[in-house]
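From first to last, the protein sequence lines are chains A and B.
The numbering used here applies: residue 3 is where the first sequence begins, and numbers increase by one.
The numbering used here applies: residue 2 is where the second sequence begins, and numbers increase by one.
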Amino acid sequence: MISITDLFKSFGDEAVLKKVNTVFDKGKTNLIIGQSGSGKTVFMKCLVGLLEPDSGSILYDDTNFTALTGHQRTDIRKKMGMLFQGSALFDSLTVEENVIFPLEMFNKHMSRKEKLDRANFCLDRVNIHNVNHLYPAEISGGMKKRVAIARAIANSPDYLFCDEPNSGLDPQTAILIDKLISEITEEFQMTTVVNTHDMNSVMEIGQHVVFLHKGNLWWEGTAEEILTSGNKEVEHFVYASELMMKIKNTKRSS
Amino acid sequence: MKLFYHLGRYMLLLVTILRRPQNAKIYRQKIIVEMDNLGLESLGIVTIISVFMGAVVTIQTAFNTDHPLLPIYAVGFATRQSIILEFSPTIISLILAGKVGSRIASEIGTMRVTEQIDALEVMGINSAGYLILPKVLASMIINPMLVIISIFLGVFGGWLASAFTGVIPLSHYIYGILFEFSQFDIFYALIKTVVFAFLITSISGYFGFYTRGGALEVGHSSTKAVVFSSIYIIIFNLILTQILLV
Chain A
3 MISITDLFKS FGDEAVLKKV NTVFDKGKTN LIIGQSGSGK TVFMKCLVGL LEPDSGSILY
63 DDTNFTALTG HQRTDIRKKM GMLFQGSALF DSLTVEENVI FPLEMFNKHM SRKEKLDRAN
123 FCLDRVNIHN VNHLYPAEIS GGMKKRVAIA RAIANSPDYL FCDEPNSGLD PQTAILIDKL
183 ISEITEEFQM TTVVNTHDMN SVMEIGQHVV FLHKGNLWWE GTAEEILTSG NKEVEHFVYA
243 SELMMKIKNT KRSS
Chain B
2 MKLFYHLGRY MLLLVTILRR PQNAKIYRQK IIVEMDNLGL ESLGIVTIIS VFMGAVVTIQ
62 TAFNTDHPLL PIYAVGFATR QSIILEFSPT IISLILAGKV GSRIASEIGT MRVTEQIDAL
122 EVMGINSAGY LILPKVLASM IINPMLVIIS IFLGVFGGWL ASAFTGVIPL SHYIYGILFE
182 FSQFDIFYAL IKTVVFAFLI TSISGYFGFY TRGGALEVGH SSTKAVVFSS IYIIIFNLIL
242 TQILLV
């Protein structure tokens with residue numbers, strides 16, 4: 003579980019996150035949504051410690067992450083896995099080496115065979131086969147995302163963060179990635195936080211949805227509830243596409 | 002004021018780099034890989050430049066010291082001293098600043114703009130230490146070896162010039178390169194090389210690590226890395242010469 007209290011972050015005079023409060027539950031897929039510039043990326047970067055909030059606290063279960071110094075955060079970070087927007091696979095390492103990398107760094111007592119078995123299990127779990135010895139530049143965008151998920155779960159993390167996992171993917175692959183994130187969240191009982199502005203993802207996997215607007219937590223609820231939120235800004239966002247408008251009209255007529 | 006900002010940030014980066022590695026075995030393996038990438042891959046250019054520069058120094062010295070009061074073997078002596086004291090440690094380091102410095106800055110800069118460094122940070126890895134320390138140590142080990150090779154090849158280049166152009170008799174050249182040889186000169190050259198290796202890799206690592214933006218900024222970082230490494234090599238060359246030789 004991740005508890006966020008009064009999280010505030012500004013750049014100069016511009017406040018990007020204005021006292022955000024929420025709780026991300028274990029075993030759930032938690033989505034952060036909002037328009038571009040609403041503060042989603044800054045929020046996620048604060049959660050994983052890539053940015054320092056000005057005030058407020060982030061609790062990982064019982065540990066106050068914001069109160070720890072860089073070095074002290076290592077233990078919590080070992081429990082984190084992250085899928086970056088551009089996958090962020092290490093170019094100089096093969097697919098297999100990328101997945102083994104976190105195991106090599108922190109599991110000194112694991113044998114080489116155990117690490118290989120774990121890497122292959124993770125690659126198998128994300129349906130990646132026969133590309134173990136290829137480099138990231140030699141595989142497709144969808145495969146890169148799946149390898150990045152395999153790397154993120156290699157160390158059996160308690161918390162999984164996904165920054166725009168569907169960006170740059172075709173609709174079919176995007177749905178596959180969404181489903182994969184949802185499945186592994188339930189399977190490994192992780193606290194998953196997904197940063198997205200894709201309404202398909204919201205409807206597909208959003209168990210808990212947080213809507214950010216101009217740095218404020220504007221609305222939160224489930225994917226079903228978002229369709230009938232009654233909130234002007236949320237409706238503007240949700241029904242921006244014609245498809246979603248059709249869904250809305252169908253719901254009304256039925 | 003910007004100078005102090007960069008100096009302060011560079012010092013803080015050095016402190017971060019020198020923190021205890023999370024997995025010493027991986028760092029050791031990376032040092033070996035970097036010795037190959039940064040050192041052995043530079044052997045070709047070091048060989049070519051050293052042989053030709055040695056030959057040119059010999060021919061120029063021979064033409065410019067053609068005086069009855071100067072012994073002929075002075076050409077060999079001057080060639081050896083020029084190569085050991087200045088050419089091999091300083092000029093080779095400047096060339097490596099261009100080759101190795103741009104490579105380090107662009108490699109780390111690209112990792113920064115493609116979020117690979119963020120990925121390391123989120124995993125709980127000291128990204129600066131993991132990426133820069135093996136390069137610094139590898140260069141500090143392999144560059145002195147390159148400079149020793151460069152010294153031999155430079156002197157050999159002078160021998161080739163003497164043998165094939167006949168600017169001075171070979172026996173005089175050989176007498177000159179052996180004349181009043183001081184081991185301290187080699188020690189001085191190696192100290193300079195180690196300091197220059199540290200400057201090249203840490204400054205280039207600094208510019209790569211703090212790259213912000215995209216491909217264009219990676220190019221800028223790479224250029225800055227070469228320019229500033231070269232400037233600091235020249236400055237420290239003067240300081241070390243003053244300290245060690247005077």
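The beta-carbon is built from N, C-alpha and C at its ideal position, and this holds for glycine as well.
| Query | Result |
| --- | --- |
| Contact belief for B:Gly209 with B:Ser107 at Cβ below 8 Å, rounded distance in angstroms | 7 Å |
| Which of helix, strand or coil DSSP assigns to A:Asp27 | coil |
| Delimiting residues of the alpha helix (DSSP H) encompassing A:Glu116 | Arg114 to Arg127 |
| Those residues which DSSP pairs with A:Leu33 across a bridge | A:Val196 and A:Val211 |
| Start-to-end residues for the beta strand (DSSP E) that takes in A:Tyr161 | Tyr161 to Asp165 |
| Option in B:Thr115, B:Tyr189, B:Val247 and B:Ser223 with minimal Cα separation from B:Thr91 | B:Tyr189 |
| Span of the alpha helix (DSSP H) around A:Lys274 | Only positions 3 to 256 of chain A appear in this structure, which leaves residue 274 of chain A out of reach. |
| Supposed close pair A:Ile141, A:Val101 - CB separation, criterion 8 Å | Actually they do not touch by this definition, with Cβ atoms about 13 Å apart. |
| Same chain, Cβ closer than 6 Å to B:Ile85, five either side skipped, listed in chain order | Ile152, Asp186 and Ala190 |
| Three-state class that DSSP yields for A:Thr224 in the structure shown | coil |
| Near-chain B residues of the segment 37–60 of chain A - C-beta to any C-beta below 8 Å | Val50, Gly51 and Leu52 |
| Interface partners of B:Asp119 on chain A, CB under 9 Å | Lys47, Val50, Leu52, Met84, Phe86 and Ala90 |
| A:Ser40 vs A:Leu214 beta-carbon contact at 8 Å | yes |
| Anticipated Cβ contact below 8 Å, A:Val204 with A:Ala225, distance rounded | 5 Å |
| DSSP bridge partner residues for A:Thr65 (one or two, in chain order) | A:Tyr62 |
| Contact under 8 Å by Cβ, B:Val1 with B:Thr194 | No information on residue 1 of chain B is available, as it lies outside the stretch 2 to 247 that chain B covers here. |
| One or two residues paired with A:Phe86 in a DSSP bridge | A:Ser89 |
| Residue from B:Thr224, B:Leu241, B:Tyr207 and B:Ala198 with nearest C-alpha to B:Glu35 | B:Ala198 |
| Closer than 8 Å to chain B by CB, A:Glu106 | yes |
| Beta bridge counterpart(s) of A:Asn218 as assigned by DSSP | A:His215 |
| Per-residue contacts from B:Asn24 into chain D (C-beta, under 9 Å) | The structure shown has no chain D; the protein chains it does contain are A and B. |
| Cβ-based contacts, 9 Å cut-off: residues of the segment 66–80 of chain A near chain B | Gly72, His73, Arg75, Thr76, Asp77, Ile78, Arg79 and Lys80 |
| At least 3 beta-carbon pairs within less than 8 Å: the segment 152–167 of chain B vs the segment 98–107 of chain B | no |
| A:Ala156 - DSSP class collapsed to helix/strand/coil | coil |
| Under 8 Å between C-beta atoms of B:Val156 and B:Ile192 | no |
| Integer-rounded CB distance, given that A:Thr194 should sit under 8 Å from A:Thr31 | 5 Å |
| CB contact below 8 Å: B:Val57 versus chain A | no |
| With 16 other Cβ atoms within 10 Å as the buried cut-off, status of A:His238 | exposed |
| Chain A contacts from the segment 193–205 of chain B (Cβ-Cβ distance under 9 Å) | none |
| Within-8 Å CB hit, B:Gly125 to chain A | yes |
| Proximity of A:Asp165 and A:Met46 at Cβ, strictly below 8 Å | yes |
| Buried or exposed by the 16-neighbour rule on C-beta atoms within 10 Å, applied to B:Gly167 | exposed |
| Pick from B:Ile169, B:Leu134 and B:Asp119 that is closest to A:Phe163, judged by C-alpha positions | B:Asp119 |
| Contained alpha helix (DSSP H) runs [length at least 4] in the segment 40–102 of chain B, N- to C-terminal order | 44–65, 75–83 and 93–97 |
| Minimum Cβ-Cβ distance from B:Ile27 to chain A less than 8 Å | yes |
| Where B:Asn179 falls: helix, strand or coil (DSSP) | According to the sequence shown, residue 179 of chain B is Leu rather than Asn. Three-state DSSP puts B:Leu179 in a helix. |
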